[in-house]
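Asks: The structure is given below, and queries will be raised subsequently.
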Amino acid sequence: LSKLNELDLMLELIRDIANELDMTNLCHKILTHVGILTNADRCSLFLVKGSRDNKFLVSRLFDVTPDSSVEQAMNATGSHEIRVPFGCGIVGHVAKTKETVNIRNAYEDPRFNRTVDQRTGYHTHSILAMPICSADDEVLGVAQIINKATGGHEFTDKDEEVFRNYLTFCGISIANAQMFEMSITEYKRNQILLQLARNIFEEQTSVDKVVHKIMKDAQDLLKCERCSVFLTEDLHEQVTQKQDQRPTTTSTIVTQSRFSFSTVCPWSLSVLSVVCTAHSPRLARKDLSAHPSTEPPRLSAGIPKTSAQVNTCDLLYRQIEEAETGFRIKSALCLPIYNRERKIIGVAQLLNKHNNELFDENDEGMFEAFAIFCGLGIHHTQMYENVCRLMSKQKVALEVLSYHATAREEDVGKLLTAQMPAATKIGLYDFRFNDFVMSEDETIQGAVRLFLECDLVNKFRVPYDVLCRWVLSVKKNYRPVTYHNWRHAFNVTQTMFVILKTAPFSSMFSDVEIFAMMTASLCHDLDHRGTNNAFQSKIESPLARLYSTSTMEHHHFDHSIMIMNSEGNNIFQSLSDEDYRQAMSILEDSILSTDLALYFKKRGSFISRAQGGATDWTVEDNKSLLRAMMMTACDVSAICKPWEVQKKVAELVYSEFFQQGDIERTKLHQKPIDIMDREKKDELPKMQVGFIDSICMPLYKVMAEKWPSLHPLYEGCRTNRDHWQALSQQ
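Position one of the sequence shown corresponds to residue 1 (this note's numbering), numbered consecutively onward.
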């Protein structure tokens with residue numbers, strides 16, 4: 001470099017810093033180059049930090065010599081950086097005024113601080129300080145050189161010119177390095193935020209665990225000694241604090257044992273809420289412990305009421321534990337935590353940034369982004385905990401319901417010792433079966449006999465007491481409504497039994513399928529309320545909100561599962577895992593198939609397959625469709641009974657329909673449809689003919705044509721249609 005002329009030397013030094021993006025290396029090169037260009041003995045560089053309203057200078061490298069290395073310069077600077085407020089001292093004056101200061105005798109200038117010389121033994125003669133500005137003429141820093149090594153130790157006008165020309169290019173390089181640092185910092189912060197999001201949403205089982213992760217990540221992210229999170233409890237208007245109780249270093253791994261949860265902080269303790277009310281952040285400047293307070297107001301106490309972000313260290317603020325632990329609070333940063341509805345659910349607080357630094361605007365922005373993830377994580381975890389509590393309450397309610405829904409043991413004992421009637425004696429093998437001649441107890445015994453006749457008890461090792469208890473529990477869970485009650489379920493099951501016992505159905509289905517279909521038939525209307533799905537939707541019942549389609553059918557299935565899950569009622573308990581899954585699947589599909597809306601959707605496909613000669617009914621898709629049609633055929637099989645039975649059943653059906661229509665008219669102020677309108681009860685025969693023609697006859701006709709053993713159903717339906725037709729014409 002000594003062989004180059006002044007211009008070439010300047011260009012070479014500029015070229016040397018042009019592509020340097022590491023701020024420490026760049027600052028060192030700038031200072032060594034300045035030392036070479038001006039023959040200065042010592043050089044220092046101060047960079048601007050802080051917010052727009054509270055700027056200060058920080059020594060990046062201090063007292064660098066032209067022949068020093070980066071390592072030597074960093075060791076000389078040490079870990080404690082020098083901070084100079086704008087307007088204070090020589091470099092502060094230069095930063096504030098953008099003026100060049102050339103002092104020939106430092107000890108004669110009142111702005112010079114002699115304590116540095118006194119501490120180091122170095123004697124400062126002359127000082128030349130100049131601002132480093134960006135392309136927008138914004139001060140980025142101040143370069144200071146001390147004691148010219150030649151001549152009278154004074155810097156000349158020529159030195160000023162060289163210094164100024166070189167620093168012009170330095171401003172560009174520093175701006176580039178700062179942008180590079182910002183991009184690296186932003187990348188790292190984004191990675192930390194992504195990791196934070198993963199951590200928070202991976203752990204949603206406990207608020208305490210989520211807060212634990214939040215505090216650890218906050219310390220890693222913003223390099224502070226202590227982090228606290230305060231969660232609101234609306235019922236008591238207080239803030240519940242969850243905090244780390246001891247200062248930590250960057251390398252400290254925060255463990256659960258270091259946290260003390262549920263310190264309560266009433267919102268009324270809000271001396272500091274005056275700051276929050278201003279709705280403007282306050283930047284840290286001083287040591288908080290310089291302002292002792294007899295009352296220990298908490299900065300975070302005012303946050304939930306004001307929604308303000310607070311960054312401060314010059315308020316009357318001290319933690320209660322400061323006196324106990326000796327922890328000295330120097331700076332604090334607080335802001336509210338919101339949930340997704342922008343409702344404040346807590347406050348996050350940071351104390352004492354590492355290396356005696358103060359929280360700046362970058363920290364505020366980062367902390368705000370951090371708090372968004374925290375709010376979502378805490379909100380979701382609180383919702384999860386609420387769901388868990390509700391599930392626990394539901395479990396308790398189900399246990400209570402199960403207890404009251406299960407048959408009494410004395411009733412089970414009586415049924416166990418009762419003599420079951422022969423199936424043929426009570427007509428269980430006949431499609432013309434009539435339950436009206438039977439007592440309630442006889443219908444229960446008849447239901448048990450149906451399962452015994454299928455030999456399901458022996459084939460699946462069903463304990464006899466479990467079968468009896470289950471039948472009694474099922475009966476107990478049918479409400480005493482006019483038609484959709486226990487007797488209807490018993491009749492449907494009896495019809496299913498007759499179909500399954502006739503050829504070719506006796507060999508078409510497996511034992512598991514028969515078991516599931518018989519069970520579905522007896523359970524298909526459990527807890528029926530005497531109203532249909534449309535009515536549930538009209539009144540917006542909890543069932544309608546729970547199940548948007550096939551409302552009552554889903555409820556019937558769920559209720560049957562509830563009974564089976566009750567102690568001593570699981571008739572599927574001895575099934576293998578595979579058989580159990582198949583039985584439960586068929587049980588659900590069969591019960592849902594009793595929804596006439598689904599019947600109409602499937603009927604066309606069934607008729608086309610039944611009338612096609614090549615349909616293989618052993619294929620599961622075809623068999624599933626057949627099971628669905630069989631459930632409907634059994635559900636409406638009362639239309640096939642002898643006329644006296646059919647007429648009585650029809651009266652029960654329409655009585656229940658009219659009761660629903662009365663509710664719609666009087667309470668919902670709606671006109672019911674014709675079949676539920678009591679004012680049109682004289683049109684019952686006509687409506688029955690319509691019901692047979694639209695629902696029953698097409699199904700029974702195609703089934704009888706395909707399987708002649710089912711012809712009695714078709715013939716009974718046709719005969720009853722003739723009776724209703726005759727009545728409608730009278």
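Cβ atoms here follow ideal geometry from the backbone N, Cα and C, with glycine treated the same way.
Given the structure is predicted, the values throughout are model-derived calculations rather than measurements.
(1) Here's a check: name, in chain order, each residue in its chain whose Cβ is nearer than 7 Å to the Cβ of E513, leaving out the five neighbours to either side.
(2) Spatial neighbours of F657 within its chain, please: CB distance less than 7 Å, with the 5 preceding and 5 following residues excluded, ordered by chain position.
(3) Extract the residue ranges of the alpha helix (DSSP H) inside the region 102-129, only unbroken runs of 4 or more that lie entirely within it.
(4) Tell me the rounded alpha-carbon separation between I571 and M564.
(5) Can the beta-carbon of E553 be found less than 7 Å from the beta-carbon of L522?
(6) Apart from the five residues just before and just after D649, which ones in its own chain have a Cβ nearer than 6 Å to its Cβ?
(7) Is the beta carbon of T632 less than 7 Å from the beta carbon of N622?
(8) Considering only their Cβ atoms, is the gap separating M496 from C634 smaller than 7 Å?
(9) Could you give the DSSP three-state label for K414: helix, strand or coil?
(10) For D511, which of helix, strand or coil comes out of DSSP?
(11) If we call anything under 7 Å between Cβ atoms a contact, is A516 one with A583?
(12) Can you list, in chain order, the residues of its chain with a C-beta nearer than 8 Å to that of I692? Leave out the 5 residues immediately preceding and following it.
(13) Since M10 and N176 are thought to touch, with beta carbons under 8 Å apart, how far apart are those beta carbons, to the nearest angstrom?
(14) For L428, tell me which candidate among L452, G413, Q419, A418 has the shortest Cα-Cα distance.
(15) Can you pull the DSSP bridge partners for Y338?
(16) Closest to N75 by C-alpha separation, out of P66, P85, F62, V84, would be which residue?
(17) List the whole-angstrom C-beta distance separating L350 from C224, where the pair is believed to meet the contact cut-off of C-beta under 8 Å.
(18) Report yes or no: do three or more beta-carbon pairs, one from the region 419-427 and one from the region 462-471, lie closer than 8 Å?
(19) Below 8 Å on the Cβ atoms is my contact criterion, and I expect G661 with P672 to pass it. Report the Cβ-Cβ distance as a whole number of Å.
(20) Excluding sequence positions up to five away, which residues of its chain have a Cβ less than 8 Å from the Cβ of L416?
(21) Considering N362, what are the terminal residues of the alpha helix (DSSP H) in which it resides?
(22) With distances taken from CA atoms, which of I539, G375, H711, V58 is nearest E664?
(23) Does the distance from the C-beta atom of V142 to that of F46 stay below 7 Å?
(24) Using CA coordinates, which residue listed in F490, L7, D589, L456 is at the minimum distance from M438?
(25) Per DSSP, what kind of secondary structure is E99 in: helix, strand or coil?
(26) Exposed or buried, what is M179 when buried is set at 16 or more other beta-carbons lying within 10 Å of its beta-carbon?
(27) Are the CB atoms of C43 and G35 within a distance shorter than 7 Å?
(28) For N362 and D136, what's the separation of their Cα atoms in angstroms?
(29) Can you confirm whether the region 146-160 touches the region 179-196 when touching is taken to mean that 3 or more C-beta pairs between the two stretches lie within less than 8 Å?
(30) Following the continuous beta strand (DSSP E) through Q646, name the residue where it begins and the one where it ends.
(31) Could you tell me whether the region 590-605 touches the region 680-690, where touching means 3 or more Cβ pairs closer than 8 Å?
(32) Hey, how far is the Cα of H380 from the Cα of H212?
(33) Among residues of its own chain, excluding the 5 on either side of T531, which ones have a beta-carbon nearer than 7 Å to its beta-carbon?
(34) If you draw a straight line from the C-alpha of A284 to the C-alpha of G346, how long is it?
(35) Taking the alpha-carbon of S402 as reference, which of P542, F370, I561 has the nearest alpha-carbon?
(36) In the DSSP assignment, the alpha helix (DSSP H) including S608 goes from what residue to what residue?
Replies: According to the structure shown:
(1) As a first step, residue 513 is located in the sequence shown; it is residue number 513 there, counting from the start. Result list for E513: I586, in chain order.
(2) On the sequence shown, position 657 is the one that residue 657 refers to. For F657, where only same-chain residues beyond five positions count, the Cβ hits under 7 Å are I675, M676.
(3) For the region 102-129, whole alpha helix (DSSP H) runs of length 4 or above, ordered along the chain, are 115-120.
(4) Working through the sequence shown from its first residue, we reach residue 571 at position 571. Working through the sequence shown from its first residue, we reach residue 564 at position 564. Distance between I571 and M564, taken at the CA atoms: about 7 Å.
(5) Residue mapping note: residue 553 aligns to position 553 of the sequence shown, counting from 1. Residue mapping note: residue 522 aligns to position 522 of the sequence shown, counting from 1. No, the Cβ-Cβ distance between E553 and L522 is not below 7 Å.
(6) Position 649 of the sequence shown holds residue 649. Sequence check: residue 649 is Val here, not Asp. A distance below 6 Å between beta-carbons, with the five flanking residues on each side excluded, links V649 to the following residues of its chain, in chain order: A638.
(7) The count along the sequence shown starts at 1 and reaches residue 632 at position 632. The count along the sequence shown starts at 1 and reaches residue 622 at position 622. In this structure, T632 keeps its C-beta atom at 7 Å or more from the C-beta atom of N622.
(8) By one-based count along the sequence shown, residue 634 stands at place 634. By one-based count along the sequence shown, residue 496 stands at place 496. Less than 7 Å separates the beta-carbon of C634 from that of M496.
(9) Residue mapping note: residue 414 aligns to position 414 of the sequence shown, counting from 1. Residue state for K414 is assigned as helix, using DSSP reduced to three classes.
(10) The residue given as residue 511 occupies position 511 in the sequence shown. Helix.
(11) As a first step, residue 516 is located in the sequence shown; it is residue number 516 there, counting from the start. As a first step, residue 583 is located in the sequence shown; it is residue number 583 there, counting from the start. Yes; because the gap between Cβ atoms is below 7 Å, this pair is in contact.
(12) Start at 1 with the first residue of the sequence shown, and residue 692 comes out as number 692. Excluding residues within five positions, the ones whose Cβ falls inside 8 Å are I639, C717, N720, R721, W724.
(13) Taking the first residue of the sequence shown as position 1, residue 10 is located at position 10. Taking the first residue of the sequence shown as position 1, residue 176 is located at position 176. Contact doesn't hold; Cβ gap of about 19 Å is too wide.
(14) On the sequence shown, position 428 is the one that residue 428 refers to. The residue with the shortest Cα to Cα distance from L428 is L452.
(15) Your numbering for residue 338 matches position 338 in the sequence shown. According to DSSP, which records beta bridges pairwise, Y338 is partnered with I344.
(16) For the purposes of this step, residue 75 is taken as the residue at position 75 of the sequence shown. Put simply, of P66, P85, F62, V84 the residue whose alpha carbon is nearest the alpha carbon of N75 is F62.
(17) Residue mapping note: residue 350 aligns to position 350 of the sequence shown, counting from 1. Residue mapping note: residue 224 aligns to position 224 of the sequence shown, counting from 1. Under the criterion of beta carbons closer than 8 Å, L350 and C224 qualify as touching, at roughly 5 Å.
(18) Output reads no: the region 462-471 does not touch the region 419-427.
(19) If you number the sequence shown from 1, residue 661 lands on position 661. If you number the sequence shown from 1, residue 672 lands on position 672. Right, the Cβ-Cβ distance comes to about 3 Å (below 8 Å), so this counts as a contact.
(20) The residue labelled residue 416 in the question sits at position 416 within the sequence shown. Once the five neighbours on either side are set aside, the close Cβ partners of L416 are Y464, D465, C468.
(21) Translated into positions along the sequence shown, residue 362 becomes position 362. Under the DSSP assignment, N362 falls in the alpha helix (DSSP H) whose first and last residues are 361-405.
(22) As a working note, residue 664 is residue 664 in the sequence shown. Nearest neighbour of E664 by Cα position, chosen from I539, G375, H711, V58, turns out to be I539.
(23) As a first step, residue 142 is located in the sequence shown; it is residue number 142 there, counting from the start. As a first step, residue 46 is located in the sequence shown; it is residue number 46 there, counting from the start. Cβ distance < 7 Å, so V142 and F46 count as in contact.
(24) By one-based count along the sequence shown, residue 438 stands at place 438. M438 has its Cα closest to that of F490, out of F490, L7, D589, L456.
(25) Here the question's residue 99 lines up with position 99 in the sequence shown. DSSP places E99 in the coil class of the three-state scheme, outside both helix and strand.
(26) Indexing the sequence shown from 1 puts residue 179 at position 179. Taking a 10 Å sphere around the C-beta of M179, we find fewer than 16 other C-beta atoms and assign the residue as exposed.
(27) Position 35 of the sequence shown, counted from the first residue, corresponds to residue 35. Position 43 of the sequence shown, counted from the first residue, corresponds to residue 43. Cβ distance < 7 Å, so G35 and C43 count as in contact.
(28) Here residue 362 is taken as the residue at index 362 of the sequence shown, counted from 1. Here residue 136 is taken as the residue at index 136 of the sequence shown, counted from 1. A direct Cα-to-Cα measurement between N362 and D136 gives close to 21 Å.
(29) They do not touch, by the three-pair rule.
(30) Stepping through the sequence shown from its first residue, residue 646 is reached at position 646. Following the DSSP letters along the chain, one finds Q646 in no beta strand (DSSP E) but inside the alpha helix (DSSP H) bounded by residues 643-666.
(31) The region 590-605 makes no contact with the region 680-690; the number of CB pairs closer than 8 Å stays below 3.
(32) Reading the sequence shown from its first residue, position 380 is the one you call residue 380. Reading the sequence shown from its first residue, position 212 is the one you call residue 212. The alpha-carbon atoms of H380 and H212 are separated by roughly 15 Å.
(33) Locating residue 531 in the sequence shown gives position 531, counting from the first residue. Excluding sequence neighbours, T531 sits near Q660.
(34) For the purposes of this step, residue 284 is taken as residue 284 along the sequence shown, with counting starting at 1. For the purposes of this step, residue 346 is taken as residue 346 along the sequence shown, with counting starting at 1. Since pLDDT at A284 reaches only 35, below the 50 mark, its modelled position is unreliable, and the value read off the structure follows with that caveat. When the Cα atoms are used, A284 and G346 turn out to be separated by approximately 22 Å.
(35) Locating residue 402 in the sequence shown gives position 402, counting from the first residue. Out of P542, F370, I561, I561 has the C-alpha closest to the C-alpha of S402.
(36) For this step, residue 608 is matched to residue 608 along the sequence shown. That run of the alpha helix (DSSP H) goes 596-611.
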